[in-house]
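Residue numbers (the numbering used here): 15 to 149. To start, the structure itself, in structure tokens.
Structure below.
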């Protein structure tokens, strides 16, 4: 199984180039249409859903391998920078990470954060937590 991260937003955004070596890829990696439909229906309040990843989803907990922990923090910062360029003041995007196949299960947490100027060192984002980033 793979940990997938999904974003939901009210605006359409372009998919990443499949050949990209960027830290964050917006496009299909681990999930299929049924996974994205399940996360749209059960977790998000937005119409557009995308999978975002590189080789693993975004999860930030103290129990993680230190390398993956640091990489997830970096991915989250890059994702927020990307989304900041697509959103207008007052808009938001949502982030949800779970194991592929668990998209319809009950979420375990929910938080709201600003899209920028948050303290990455104080954030914990375990799987099945819905995060709303507001611009």
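Glycine is no exception: its CB is placed at the ideal position from the N, C-alpha and C atoms.
Query: What residue does the beta strand (DSSP E) around residue 19 start on, and which one ends it?; Result: 17-23
Query: What separation, rounded to the nearest whole angstrom, lies between the Cα atoms of residue 107 and residue 84?; Result: 22 Å
Query: Check whether the Cβ atoms of residue 149 and residue 129 lie closer than 7 Å to each other.; Result: yes
Query: Do you know offhand how far residue 116's Cα is from residue 140's?; Result: 14 Å
Query: Exposed or buried, what is residue 2 when buried is set at 16 or more other beta-carbons lying within 10 Å of its beta-carbon?; Result: The shown model of the chain, from 15 to 149, leaves out residue 2, and the question about it has no answer.
Query: Pick out whichever of 76, 146, 31 and 26 has its Cα sitting closest to the Cα of residue 110.; Result: 146
Query: Hey, could you find the ends of the alpha helix (DSSP H) residue 92 is sitting in?; Result: 80-100
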